[in-house]
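Undergrad: Structure below; questions to follow.
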Amino acid sequence: MSFFSRRNGTLHVEDLSLSEIAARFGTPAYVYSRAALTAAFNAYKNALTGRDALVCYAVKANSNLAILNVFARLGAGFDIVSGGELARVIAAGGDPGKVVFSGVGKSAAEMRAALEAGILCFNVESAAELEQLDEIAASIGKKAPVSLRVNPNVDPKTHPYISTGLKSNKFGVAFEDARTLYRRAAALPNIEVHGLDCHIGSQLLDPAPAAEAAEKILGLADELAADGIHLSHLDFGGGMGIQYSDETVPSASEYLAAILKLTAGRKEKLLFEPGRSLVGNAGVLLTKVEVLKPGSEKNFAIIDAAMNDLMRPALYDAFHDIVAVTDGKAQPQCWEVVGPVCESGDFLGHARKLAIETGDLLAIMSTGAYGMTMSSNYNTRPRAIEVLVDGAHAHVVRRRESVSELFALESVLPG
Ligand code: LLP
66 MSFFSRRNGT LHVEDLSLSE IAARFGTPAY VYSRAALTAA FNAYKNALTG
116 RDALVCYAVK ANSNLAILNV FARLGAGFDI VSGGELARVI AAGGDPGKVV
166 FSGVGKSAAE MRAALEAGIL CFNVESAAEL EQLDEIAASI GKKAPVSLRV
216 NPNVDPKTHP YISTGLKSNK FGVAFEDART LYRRAAALPN IEVHGLDCHI
266 GSQLLDPAPA AEAAEKILGL ADELAADGIH LSHLDFGGGM GIQYSDETVP
316 SASEYLAAIL KLTAGRKEKL LFEPGRSLVG NAGVLLTKVE VLKPGSEKNF
366 AIIDAAMNDL MRPALYDAFH DIVAVTDGKA QPQCWEVVGP VCESGDFLGH
416 ARKLAIETGD LLAIMSTGAY GMTMSSNYNT RPRAIEVLVD GAHAHVVRRR
466 ESVSELFALE SVLPG
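Below, the structure written as C-alpha cells:
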C-alpha cells in the first residue's frame with residue numbers, strides 16, 4: 066500500500082495534496098506520512114509475532130522528535146550512536162531501558178550519560194572501549210550492560226560507503242578475537258555481559274548475507290555458552306533495503322525469515338536495529354522549480370532544494386525518483402535536476418524525463434531516511450521545514466530555519 070498516491074492529477078500524502086502543503090508551508094519541505102511510518106514498524110512487529118523481540122529504530126536515519134515519538138508510542142526501542150541521540154530519544158518520550166548504544170568512538174561523557182539514563186545495552190566495538198567503560202561504570206557506581214559488536218566478515222553486497230561488516234571496515238571486534246574479549250568482559254567487575262551484536266551494512270536487498278552473519282553469530286553464542294558466558298539477547302543490526310527505483314525488495318517477513326528459522330527454539334531475546342526500512346519510503350522532499358535553463362548539451366532544471374538538503378545523490382550517486390506533483394501541460398523533456406549550490410556535484414537527479422514549467426512542484430521520493438539528518442547549512446541555506454501528515458492533518462514538526470539563526474552562535478573579533 067502506498068501512502069503517496071496520485072488523486073485527480075495531484076500527488077497526495079495520505080489525504081493531503083502536496084500542492085496544498087507547499088502553499089501552506091513553502092518549499093523545500095520534508096513531508097512524512099505517519100501511516101507509512103506505522104505500517105513499516107508494524108511489518109517488523111508482525112514478522113516477529115510470537116517471538117521475544119525488540120525493534121530498536123536506528124535514530125540516525127531520521128531523528129526528528131515527532132518521528133521518534135511515533136515509534137516510541139508503537140513500543141519501539143532505539144539504536145543510538147551519540148549522547149545527542151540519547152537526549153533526543155528521552156525528549157521524544159522513548160524508554161532509555163530500550164536503548165542500545167552503537168558506535169566506534171563513544172566519549173567518556175556519552176558513556177556516563179548512557180549509564181545514568183539506564184540504557185539496555187552498550188554495543189562495544191573495541192577492547193579499549195570495554196576497559197574504559199568498566200572504569201567509568203566504577204566511577205559512578207554502576208554496572209555497564211554490554212554486547213560486543215562482532216564483525217562477521219560477511220560481504221553485504223552494497224555500496225562500499227555503507228558496508229560495515231567486512232574485515233577492512235573500522236567497525237566491530239574481529240570475529241576471531243571475540244571469544245577472548247568476551248572472557249575479558251566477563252571478568253571485569255563493572256561490566257555485565259548481556260548480548261552479542263552485529264551489523265553488516267545498509268540498503269541490503271538480499272537476505273542471504275544477513276542470514277550468513279546470523280549463522281556466525283549463533284555459532285559464536287554457542288561457543289561462549291561453552292565458556293560459561295550466557296547471553297540474554299542477540300542483536301542482528303539493521304540494514305534491510307528499500308525500493309528507490311525498480312529494485313526487488315524483500316518484505317520484512319521475507320528478510321527476517323532465515324534469521325527467525327535459525328533462531329527458532331533459542332532462549333535469547335532478538336534485537337534488530339532497522340533505520341532506512343522504517344522511514345525511507347515514508348518521506349518525500351517537496352521542492353519548486355526555480356529556473357529552467359535549456360542548453361545545447363543538457364537541460365538544467367534548477368530547484369529550490371539542493372545537496373545541502375539531500376546529500377545522498379552527491380555523496381553516493383544515489384538514485385531518488387523525482388516526480389511532478391501535478392500533471393503539467395508542458396512537453397516532457399529530459400532534465401538534469403540540480404540545486405542552486407555552487408558545486409557541480411549539486412545534483413538531485415540526472416537525465417529525468419519531466420513535464421515541467423518554472424514554478425512547478427516536484428517531489429523527490431524515498432527521502433525519509435538519511436535526508437534531513439545528513440543535511441547541512443552549506444551556502445548559508447536554512448534547513449527545510451519538516452511536516453508530518455496524519456490523515457488530513459499536517460503538523461509542522463520542525464519549523465524552517467531563519468538566516469539569522471544560522472549565524473546566531475557566531476561572533477566577530479572585538480575592537
Ligand atoms: N545499526 C548500526 C550499527 C548502523 O551503523 C546502522 C546504519 C543501522 C543500524 C541502520 O541501518 P539501516 O537499517 O538504516 O540500513 N547514510 C547512508 C546510510 C548509512 C548507514 C549507517 N549505519 C545512506 O544514506 O544510505
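The sequence shown begins at 66 in this note's numbering and counts up by one. Beta carbons: idealized from backbone N, C-alpha and C, even for Gly.
(1) Alpha carbons only, please: which of LEU336, SER361, GLN308 is nearest the one belonging to HIS385?
(2) What I want to know is whether the C-beta of ALA379 ends up closer than 7 Å to one or more non-hydrogen atoms of the ligand COA.
(3) Taking C-beta to C-beta, are PRO217 and PHE240 nearer than 8 Å?
(4) Going by the beta-carbon positions, is the gap between VAL388 and MET437 smaller than 8 Å?
(5) Please work out which residues of its chain come closer than 6 Å, Cβ to Cβ, to ASP369, disregarding the five sequence neighbours upstream and downstream, and give them in chain order.
(6) Cβ-heavy atom distance between LYS125 and the ligand LLP below 7 Å?
(7) Please indicate yes or no: does the CB of SER342 lie closer than 7 Å to some heavy atom of the ligand LLP?
(8) Please find out if some non-hydrogen atom of the ligand LLP comes closer than 7 Å to the beta-carbon of ALA118.
(9) What is the residue span of the beta strand (DSSP E) that ASN216 lies within?
(10) Whose C-beta lies closer than 8 Å to the C-beta of ASN111 among residues of the same chain, with five residues either side of it excluded?
(11) Is the separation between the beta-carbon of ALA371 and that of ASP425 shorter than 8 Å?
(12) Looking at the ligand LLP, does it come within less than 7 Å of PRO339, judged from the CB to the closest heavy atom?
(13) From the DSSP output, in three-state form, read off VAL333 for me.
(14) Would you check if the distance between the CB atom of ARG153 and the CB atom of LEU133 is smaller than 8 Å?
(15) Please confirm whether GLY345 and GLY433 have their CB atoms less than 8 Å apart.
(16) Answer yes if the region 293-300 comes into contact with the region 249-262, meaning at least three C-beta pairs across the two stretches below 8 Å, and no otherwise.
(17) Give the straight-line distance between the Cα atoms of GLU280 and VAL402, rounded to the nearest whole angstrom.
(18) Determine, using beta carbons only, whether HIS264 and ARG331 come nearer to each other than 8 Å.
(19) Report yes or no: do three or more beta-carbon pairs, one from the region 66-81 and one from the region 452-469, lie closer than 8 Å?
(20) Using 8 Å for Cβ pairs, my map puts PRO272 next to ALA323. What's the rounded Cβ distance?
(21) Closer than 7 Å: is that where the CB of SER267 sits relative to any heavy atom of the ligand LLP?
(22) Pick helix, strand or coil for GLN481, following the three-state DSSP scheme.
(23) What do you reckon, is the C-beta of TYR109 under 7 Å from a heavy atom of the ligand LLP?
(24) Using the Cα positions of ILE294 and ILE201, report the straight-line distance between them to the nearest angstrom.
(25) Would LEU139 and THR114 be called neighbours here (beta carbons separated by less than 8 Å)?
(26) Excluding five sequence neighbours on each side, which residues of the same chain lie with their C-beta closer than 7 Å to the C-beta of PHE472?
(27) Which residues share a DSSP beta bridge with ASN188?
(28) For MET376, which residues from the same chain have a beta carbon less than 6 Å from its beta carbon, with the 5 sequence-adjacent residues on both sides left out?
(29) Which one of LYS334, LYS207, LEU185 has the shortest CA to CA distance from ALA286?
(30) Helix or strand or just coil, what does DSSP make of ASP292?
(31) How far does the alpha helix (DSSP H) with ARG244 in it extend, from its first residue to its last?
(32) If I'm right that ALA390 touches LEU76 with Cβ under 8 Å, what's the distance once you round it to whole angstroms?
(33) Quick one: which unbroken beta strand (DSSP E) runs of 3-plus residues sit fully inside the region 348-436? Chain order, please.
(34) Between which residues of its own chain and HIS415 is the CB-CB distance below 7 Å, once the five residues before and five after are set aside?
TA: With the structure as the only source:
(1) GLN308
(2) In the structure on display, the ligand COA does not appear, and the ligands it does have are the ligand LLP.
(3) Note that the C-beta distance between PRO217 and PHE240 is below 8 Å.
(4) Their beta carbons are not under 8 Å apart, which means VAL388 does not touch MET437 by this criterion.
(5) Excluding sequence positions up to five before and after ASP369, its CB lies within less than 6 Å of the CB of THR92, PRO93, THR352, LYS353, GLU355, all in the same chain and listed in chain order.
(6) Yes, the Cβ of LYS125 comes within 7 Å of a heavy atom of the ligand LLP.
(7) yes
(8) no
(9) 209-216
(10) Excluding the 5 residues flanking it on each side, ASN111 has same chain C-beta neighbours closer than 8 Å at ALA317, SER318, in chain order.
(11) no
(12) yes
(13) Per the sequence presented here, residue 333 reads as Glu, with Val not at that position. GLU333 falls in the coil class under three-state DSSP.
(14) yes
(15) yes
(16) yes
(17) 44 Å
(18) no
(19) Judged by Cβ distances under 8 Å, the region 66-81 makes contact with the region 452-469, as three or more pairs qualify.
(20) With a Cβ gap of about 6 Å, PRO272 and ALA323 count as contacting.
(21) Under cutoff, so the answer is yes.
(22) The requested residue 481 does not occur in the structure, where the chain is confined to residues 66 to 480.
(23) no
(24) 23 Å
(25) No.
(26) The answer is none, since no qualifying residue turns up.
(27) SER212
(28) Cβ within range, chain order: MET439.
(29) ALA286 has its Cα closest to that of LYS334, out of LYS334, LYS207, LEU185.
(30) coil
(31) 243-252
(32) It is Val, not Ala, that sits at residue 390 in the sequence shown. With 8 Å as the limit, VAL390 and LEU76 qualify as a contact, their Cβ atoms being about 5 Å apart.
(33) Listed in chain order, the complete beta strand (DSSP E) runs (minimum 3 residues) inside the region 348-436 are 348-358, 365-368, 387-389, 398-403, 412-419, 426-429.
(34) GLU401
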